[in-house]
Every structure is written in C-alpha cells, then in structure tokens.
Amino acid sequence: MLYGRLKRVQQYVDQDDFIFHFAAQSLVRKSYKEPINTFTTNAIGTANLLEAIRSLDNECMVVIITTDKVYENLEQDYPYKESDKLGGFDPYSSSKACAEIIAASYKRSFLNPDDFEKHKKSISTARSGNVIGGGDRCKDRIIPDMIKALEAGQPLQVRNPASVRPWQHVLEPLGGYLLLGAKQKEDPIKFADSFNFGPAIDDNLSVEGLVDIALKSWGSGSYEKPDTSDDPHEAKLLKLDISKARLGLDWEPRFTSEMAITKTMEWYKNAVSSEREYTLNQIKTYFE
C-alpha cells in the first residue's frame, strides 16, 4: 500500500525545481481520535515524498513545513530554538517531530548537503507558530469556530482561554517559506537547515487575548468556557525564538499579533462576495 502511494507521489514531483511540503493531518484533537492516520500522513507521507525526491535527476529545493509543536514542550516561559530537543505529547505533535527526524535522516543518509553537487537536492524544514488568516474553514480551529458562532448568533466556546500561542497571519510564514526556498537556491548547502517562523518574542498572546481583539474588530459577539475536564491534553504555553530566521534569512514578521487578528477578521467581514479578489489584494499589499 505504501509503495503504491510512493509511486503516485513520484508522478507529482517529476522535474520540479522547488517543492513545498504542506500536506498533513494538522489538528491536535483529531490526532487523538485518529492516531494511525495522523502518523501515516505526517511521518510516512514525508518519508514517501523524500524517497520520491531521491529519484529526481534535476536540481530541487525542498522546504518541509512542520510546526512549532515539534519541540519537547516543558510549558515553561522559554522560547524554543531550532537546536532544542524534539518531542511531542499528542500524536499530532510527535508525528511532526517524526517528520523532522525523517528529514534529518534522509539528509544524512542519502542527500547530504556536502554532496549537493552529486545529488542536487537541498532539504530544509520550517517550524511555524499558530497560523490565522482569511479563508480558513477547518473545524476545531479558533477563528473558523468564532466565525461560525458569530454568524449563528451564539457565544464562542473557548476551551483554553489562558493558553499562550505564537499567533501569526498566514502570509508571514508563507513569505518566510518562499524566502527560504530562494535562499536555498542561492546557497543549497548553507540553507539546508531548520528555521522557526513566528511573532516577535514579546508578542505572544493568550487565546483569550486573541478572542478579545477579534470580537472587538468584528464589533459584536461573546464567549464562554465550556467544561473541559474530559478533554485530551493540549499545551498551555508555547513560544518560539525566531532569531535564526531573522539573522540568517533577513526575515521578520511585518504584522503584530493584533494586526494579524484584525486583518483576519476584516477578511471574514469583507470578502463574502469576492474572496479571491480580496485575498489577492491582501497578498499584494503584504508584499509591497
């Protein structure tokens, strides 16, 4: 079965110059319900992709997108650096840590940066904070759940209001991924590495802080905390150190967390009849 999947992946990556690997089962709570699917998609899926890339004859820059949750989170007031220990409590987090380890193994075993002139493949990984932005319709995510509650005239259910996360607008890490891929093209050995992408270290917000800003931007709405005594574990505190991306890639966030939240809510308020046009305008404005 997995070999069949590999053959299909090989058909899609034929002769690509750049590959950005986003495909994932990306929900923590769903990973508790579907652990095997989560590990198969996130870990084995990454291995399948890297195995397919090995067969390419052309030069190829590969950026594997994982998550901020790949670190062994001790839930202390400490921003994790790329050199910190990988881990993961829940199946989602640990499956993404597995993807990081698989990428490192393929680099050491088959696609070593020092041998780039032989195999012509450069592999990096990108670890991003919690992403928000217009167009997100996924279940069990704070902004889509909020929009559904607002449209239904119901209070938003906020499970963990005190939990702190590195929130960022989706265009921030996307810009970082493109920059990283371009840097790999310039120097495929130096930039075959791992990088964090997130907000400034002093700009992490609690879930409640995000909700307050979002509802203020929307102009109405309320929230309440449901009974979560039977809920599976979710980390209460997570921060990223983005110094490596700032110094090594000359990348840094253009939006504060408040700006990211406001622009996200503006999208849901204003893009109802022209999602594509409004989205393209946000992209154009961001990169100007």
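In the working numbering, the protein residues as written are 4 to 291. For every residue, glycine included, the Cβ atom is placed at its ideal position computed from N, Cα and C.
- For Ile67, the enclosing beta strand (DSSP E) covers residues 63-68.
- Under the three-state reduction of DSSP output, Thr128 falls in the strand class.
- At the C-beta level, Asn133 and Arg168 come within 8 Å of one another.
- In terms of Cα proximity to Asp118, the closest of Asp205, Gly137, Ala195, Lys228 is Ala195.
- Under the three-state reduction of DSSP, Glu189 is assigned to helix.
- Under DSSP, Ile135 takes part in a beta bridge, and its partners are His172.
- Note: Gln160 is bridge-paired with Glu227 in the DSSP secondary-structure output.
- Residue Lys33 holds the alpha-carbon nearest to the alpha-carbon of Lys142 among Lys33, Ser260, Ala102, Trp221.
- Membership of His236 in any alpha helix (DSSP H) is not indicated, and neither H nor E is assigned to it by DSSP.
- Ranked by Cα distance from Pro158, the options Pro164, Lys186, Ala185, Met149 are led by Met149.
- Residue environment: Leu283 is assigned as exposed (fewer than 16 neighbouring CB atoms within 10 Å of its CB, all protein chains considered).
- Secondary structure of Lys84 (DSSP, three-state): coil.
- Of the candidates Ile192, Thr265, His236, His122, the residue whose Cα lies closest to the Cα of Ile56 is His122.
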